[in-house]
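I have placed the structure first, in the form of structure tokens, so that the comments after it can refer back to it.
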Amino acid sequence: MTEKLLLGQTLRFGADPFETAVDDAAIVSSRGAVLVQDGRIAAVGEADDLRARHPQAEVVDHGRHLITAGFVDAHMHYPQTAMIASWGLRLIDWLNTYTFPEEMRFADPDYARTIADRTLDLALAHGTTTLTSFCTIHPESVEAYFGAAAARNMAVVGGKTCMDRNAPDGLRDTVQAAYDQSKALLQKWQGTGRATYAITPRFSPTSTPDQLAALGALWAEHPDALMQTHLSEQVDEIAWVRDLFPQARDYLDTYEQFGLLGERGLYGHSIHLEPREIDRLAEVNGALIHCPTSNTFIGSGLFDTTGLKARGIRCGLATDTGGGSSFSMLRTMAAAYEVGQLRGTALHPAQLMWLATEGSAQALHMGGQIGSLSVGAMADITVLDLASTPAIAQREAEADTLWEALFPTIMMGDDRAVAQVYVAGEAARP
Ligand code: GUN
Ligand code: ZN
Numbered sequence: 001m002t003e004k005l006l007l008g009q010t011l012r013f014g015a016d017p018f019e020t021a022v023d024d025a026a027i028v029s030s031r032g033a034v035l036v037q038d039g040r041i042a043a044v045g046e047a048d049d050l051r052a053r054h055p056q057a058e059v060v061d062h063g064r065h066l067i068t069a070g071f072v073d074a075h076m077h078y079p080q081t082a083m084i085a086s087w088g089l090r091l092i093d094w095l096n097t098y099t100f101p102e103e104m105r106f107a108d109p110d111y112a113r114t115i116a117d118r119t120l121d122l123a124l125a126h127g128t129t130t131l132t133s134f135c136t137i138h139p140e141s142v143e144a145y146f147g148a149a150a151a152r153n154m155a156v157v158g159g160k161t162c163m164d165r166n167a168p169d170g171l172r173d174t175v176q177a178a179y180d181q182s183k184a185l186l187q188k189w190q191g192t193g194r195a196t197y198a199i200t201p202r203f204s205p206t207s208t209p210d211q212l213a214a215l216g217a218l219w220a221e222h223p224d225a226l227m228q229t230h231l232s233e234q235v236d237e238i239a240w241v242r243d244l245f246p247q248a249r250d251y252l253d254t255y256e257q258f259g260l261l262g263e264r265g266l267y268g269h270s271i272h273l274e275p276r277e278i279d280r281l282a283e284v285n286g287a288l289i290h291c292p293t294s295n296t297f298i299g300s301g302l303f304d305t306t307g308l309k310a311r312g313i314r315c316g317l318a319t320d321t322g323g324g325s326s327f328s329m330l331r332t333m334a335a336a337y338e339v340g341q342l343r344g345t346a347l348h349p350a351q352l353m354w355l356a357t358e359g360s361a362q363a364l365h366m367g368g369q370i371g372s373l374s375v376g377a378m379a380d381i382t383v384l385d386l387a388s389t390p391a392i393a394q395r396e397a398e399a400d401t402l403w404e405a406l407f408p409t410i411m412m413g414d415d416r417a418v419a420q421v422y423v424a425g426e427a428a429r430p
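The UniProt record's numbering puts the first residue of the sequence shown at 1, with every later residue one more than the last.
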């Protein structure tokens, strides 16, 4: 058995800080410890106590750095890594001009492997231990992604993006190919190592009703799989969906009609929801994924984190790379804070950290397994330097509480704040 004892400040959650007062939900220690045995968290407590009880464990002392669960990015597009920060366009033109041409390049398995490796390395450098990614229509892009994650022992979610209309030649599949290829990939990867498969219709405008129905049927055959898609991101998109699906009650209904609404469904963006859609999502317990840097970058709108959480709807947090403008979940938390302010609610640092870890993990139905500094969880852990730049350090020096010390890193931090990251207990950095 390998045993490691990580020492530092620790932050974990005993409850959801949107439901419980933050100082009851968050458990903080200024000199805490995390015991890792064979890749899992075996104990969490005070440094002196765990040291005395586990004298044989290898000690890694992170000093004043903050030990937290690794970040869980609940929605992104690894094939868009090389076109992040493309200027000037809103959703539909942005997809046609920048995204689809880049995704075409993934017909080449070598390119797919290069970008998968690059994306996962960038994720780890930013303290993100789990990605949930759309791949492209090419099965090779899914193989590249899960293969790269397996090489790093990372828990990832992904799936073949299915599109059979409103996409260029070379980037469309068919009803049958979407079903057959998704099924073969699901059967190969679901539960293999740390991989989880998500059936992935891109969004209603790029799938025919027949394709949506085929993917709904596949999900019914494999109810353990996740399903990821986009919902109500931009006003023009919603008008287009109304034209394409004149019988549908609303955007969500274009999924519901075809068996694509469920508890294991992940609905990215979900900004401009109608009351019926919110009621149905609450009823079926689907998860909404907040992508704040993308929603401001592409000009989509302001997600209602507080209102939707108050309805009991599960919410995760995500970069939405490359619609999103940063690989960093710190920057993503900052954007979530700013969006909250524009909606009139200041999200507490505990709520932001919870969304980036436990909230996203729960959205993926992996609560207690990842995104959590609790006994039994996998030791996917991020260590933050709360004084990583002179600007952050001078503000942190004035702090009286952990929240005051952490908030400058949330607002101004980036990969320089990530002192170390552990994947299943193994340090990802030398
Ligand atoms: N809607 C459909 N596809 C995409 C995508 O790739 N990015 C974003 N942000 N929205 C989408
Ligand atoms: Zn997306």
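We treat Cβ as the ideally placed atom computed from N, Cα and C, and that holds for glycine. Since we're looking at a predicted model, the values are computed, not measured.
- Query: Under 7 Å, do T208 and D279 count as touching if we go by C-beta distance?
  - Reply: no
- Can you give the Cα-Cα distance for D304 and R249, rounded to whole angstroms? 22 Å
- Message: Suppose contacts are defined by Cβ-Cβ distances below 7 Å. Is R395 in contact with Q362 by that definition?
- Response: no
- Taking C-beta to C-beta, are A116 and Y145 nearer than 7 Å? yes
- Task: Pull up the CB-CB distance for G158 and S182, whole angstroms please, since I reckon it's below 8 Å.
- Result: Not really, about 11 Å apart at Cβ, beyond 8 Å.
- Cβ contact (3+ pairs, closer than 8 Å) linking the region 344 to 363 and the region 71 to 85: yes
- Query: Is the region 97 to 113 in contact with the region 126 to 142, if contact means three or more CB pairs nearer than 8 Å?
  - Reply: yes
- Message: Using the three-state DSSP reduction, which class does P430 fall into: helix, strand or coil?
- Response: coil
- With which residues is S29 paired in a DSSP beta bridge? According to DSSP, S29 bridges with T10.
- Message: For T229 and D415, I'd like the C-alpha separation in whole angstroms.
- Response: 28 Å
- Query: DSSP puts residue 433 in a beta bridge; with which residues?
  - Reply: Because the chain spans 1 through 430 in this model, residue 433 falls outside it and cannot be assessed.
- Message: Please classify W94 as buried or exposed, where buried requires at least 16 neighbouring CB atoms within 10 angstroms.
- Response: buried
- Message: Measuring only the C-alpha atoms, how far is S326 from T332?
- Response: 7 Å
- Query: Per DSSP, T161 forms a beta bridge with which residues?
  - Reply: Listed as beta-bridge partners of T161 by DSSP are T200.
- Query: From S294 to L91, what distance separates their C-alpha atoms?
  - Reply: 10 Å
- Message: Within a Cβ cutoff of 6 Å, which residues of the same chain sit near A123, ignoring the five residues on either side of it in sequence?
- Response: L131
- Please confirm whether any heavy atom of the ligand ZN lies closer than 6 Å to the CB of S73. Going by the sequence as given, residue 73 is Asp instead of Ser. Every heavy atom of the ligand ZN is 6 Å or more from the Cβ of D73, so no.
- Is there contact here, the region 209 to 225 with the region 186 to 201, by at least three beta-carbon pairs under 8 Å? yes
- Message: Is it the case that the region 188 to 195 contacts the region 230 to 240, given that we only count it when at least three CB pairs across the two stretches are under 8 Å?
- Response: The answer is no - the region 188 to 195 does not touch the region 230 to 240, with fewer than three Cβ pairs under 8 Å.
- Item | Interface flag, F297 vs chain C, CB-CB below 7 Å | Protein chain content of the structure displayed is limited to a single chain, and chain C is not contained in it.
- Task: Look at the alpha carbon of W240 and the alpha carbon of F203, and state the distance between them as a whole number of angstroms.
- Result: 11 Å
- Roughly how many angstroms separate the alpha carbons of residue 516 and A26, rounded to a whole number? With the chain covering 1 to 430 only, the question about residue 516 has no answer from this structure.
- Pull up the CB-CB distance for G322 and Q80, whole angstroms please, since I reckon it's below 8 Å. That belief holds up - the Cβ atoms of G322 and Q80 are roughly 3 Å apart, short of 8 Å.
- Task: For G8, I'd like the list of residues in its chain whose CB is within less than 6 Å of its CB, leaving aside the five on either flank, ordered along the chain.
- Result: Excluding positions up to five away in sequence, the list reads H62, H65 and I67.
- Message: When you measure from the CB of D320 to every non-hydrogen atom of the ligand ZN, does any distance come out below 6 Å?
- Response: yes
- Message: Could you check whether the Cβ of G323 sits closer than 6 Å to any heavy atom belonging to the ligand GUN?
- Response: yes
- On the three-state DSSP scale, how would you describe L260? L260 falls in the coil class under three-state DSSP.
- Task: Using three-state DSSP, classify R314 as helix, strand or coil.
- Result: strand
- Secondary structure of I92, DSSP reduced to three states: helix
- Can you tell me whether DSSP reads A379 as helix, strand or coil? Taken through DSSP and simplified to helix, strand or coil, A379 comes out as coil.
- Task: Return helix, strand or coil for L355, following the three-state DSSP convention.
- Result: helix
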